[in-house]
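This report refers to the structure that appears directly beneath it.
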Amino acid sequence: MNILKDALSELFSMFVGDARLTAAILAVVAMSALLIDATPLPPLVGGAVLTLSCITVLVMAVRREAARRRSKAKVLAKAP
């Protein structure tokens with residue numbers, strides 16, 4: 001039972017670890033689903049929107065984390 005609890009805890013921390021990333025991905029999935037269901041566009045267009053949007057969200061998250069780490073490194077470098 002401990003293994004299951006540890007696995008579920010790890011999965012939960014993966015998805016909640018970066019709340020912005022989680023919210024953005026959920027918004028992208030919802031937007032793509034709405035695009036497919038509410039418009040006469042073919043599902044391939046919705047899939048393309050989903051793919052490109054997920055890549056965009058990922059790039060933005062990586063850039064944000066890189067900037068955070070750079071600023072943290074600068075602060076540590078200035079400390080006596």
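Everything in the sequence shown is counted per full-length UniProt numbering, starting at 1 for the first residue and increasing by one. For each residue, glycine too, the CB sits at the ideal point set by N, CA and C.
Exclusion of the five residues before and after methionine 31 leaves Val49, Ser53 as the residues of its chain whose Cβ lies within less than 8 Å of its Cβ. The Cβ atoms of valine 57 and leucine 34 do not sit closer than 8 Å to each other. Contact between glycine 46 and isoleucine 36 holds: their C-beta atoms lie close to 4 Å from each other, under 8 Å. If you look at threonine 51, you'll find it in the alpha helix (DSSP H) that goes 43-78.
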